[in-house]
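Numbering (my numbering), first residue to last: 24 to 148. Even glycine gets a Cβ: it sits at the ideal position worked out from N, Cα and C. Only one structure is covered here, and it is reproduced in the block below.
Structure (structure tokens):
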């Protein structure tokens, strides 16, 4: 082998060593990016899990509210009916009181008139 052949071989070996070094650096970069991607996947999984829990919680609350709201509406309707009935009863009691007061006053006036007649009759006798 000649010097030129040896130089060619050395050149090829140097080129291969340089390429191998570049390939190793690319592999190292790829491993680093894979580690970062793996961490991001774990973070994304955690976020997804939290979102799933939040959705489940909101769905459960929504179901509860869907049960409560009709009951509240029914309760409000019953209260409105009862309020109307109580108002009507109060108004009737007021009318009854006024009528009782009127008849009581009339009865008292009649009794007073009778008493006056009896008193006047007793004094005349």
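Scanning its chain for C-beta atoms nearer than 7 Å, with the 5 sequence neighbours on each side dropped, one finds no residue around residue 94.
Residue 68 and residue 51 have their C-alpha atoms spaced approximately 25 Å apart. In this structure, DSSP gives residue 126 a helical state, which the three-state scheme calls helix.
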